[in-house]
Amino acid sequence: MSLQGWSSARIAEAFSVEPNSVRHWRWTFGREGWRACAPARHRGRSR
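Under the working numbering, residue 102 is the last one in the sequence shown; the count climbs by one each step, no gaps.
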């Protein structure tokens, strides 16, 4: 899926999220690249 030309509002609608979330994702990806997409690792007991 290419996001070229897609506004944050259009992406948000496609994924049923708020446009601010999309802007945050884009900002984070711009700063950290693919590392930002990795799931967060939390310390503590596994369930």
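Yeah, the Cβ is synthetic: ideal placement off N, Cα and C, and Gly gets one too.
| query | result |
| --- | --- |
| Close-in-space but distant-in-sequence residues of the same chain around Met56 (CB under 8 Å, 5 per side omitted) | Because Met56 carries a pLDDT of 49, less than 50, the predicted location of this residue cannot be relied on, and the following value inherits that uncertainty. Excluding sequence neighbours, Met56 sits near nothing in its chain. |
| For Ser71, the three-state DSSP class (helix, strand or coil) | coil |
| beta-carbon Trp82 near the ligand COA non-hydrogen atom, thresh 7 Å | Among the components modelled here there is no ligand, and therefore nothing to report on the ligand COA. |
| Pair within 8 Å by beta-carbon distance, Phe84 and Ala95 | no |
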